[in-house]
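Residue numbering for the sequence shown follows the numbering used here, starting at 2 and increasing by one per position.
Even glycine gets a Cβ: it sits at the ideal position worked out from N, Cα and C.
Note sheet for the following structure.
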Amino acid sequence: MKMLKTLTLSAILTFAALASASAETFAKGVVKNIDAQADKVTIIHEELVDLDMPAMTMVFELADPEMADALSEGEEIEFVVARVNGKLTVMKLR
Ligand SMILES: [Cu+2]
2 MKMLKTLTLS AILTFAALAS ASAETFAKGV VKNIDAQADK VTIIHEELVD
52 LDMPAMTMVF ELADPEMADA LSEGEEIEFV VARVNGKLTV MKLR
């Protein structure tokens with residue numbers, strides 16, 4: 002019985018670890034300004050839990066220059082941020 006409990010617990014912990022590794026956190030924000038030439042976007046973002054960052058307005062790099070074409074000022078977006086070469090970069094948009 003104890004063995005079974007131990008196995009079940011380790012299975013749950015393994016699943017939790019896999020889930021957190023694969024889950025992407027989409028943050029919410031509003032596009033304030035787009036700089037297509039510099040591949041940068043200014044976003045009024047809500048709290049970024051993964052980065053332990055409170056809500057603020059700041060500039061992000063765009064992982065793909067084509068992202069600039071998909072954005073318009075004032076648009077509400079959800080986005081995934083990652084640190085690339087020390088710069089906070091928008092990796093995904095939706
Ligand atoms: Cu910020």
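In the DSSP assignment, Ala-64 falls outside any beta strand (DSSP E), carrying neither H nor E. A check of alpha carbon separations from Lys-29 across Phe-80, Thr-58, Val-42, Asn-86 identifies Phe-80 as the nearest. Shortest gap from the CB of Leu-63 to any heavy atom of ligand 1: 7 Å or more. Selection Ala-71, Val-42, Pro-55, Ser-73 evaluated against Leu-63 yields Val-42 as nearest (Cα-Cα). Membership of Ala-28 in the beta strand (DSSP E) is indicated by the continuous run 28 to 36.
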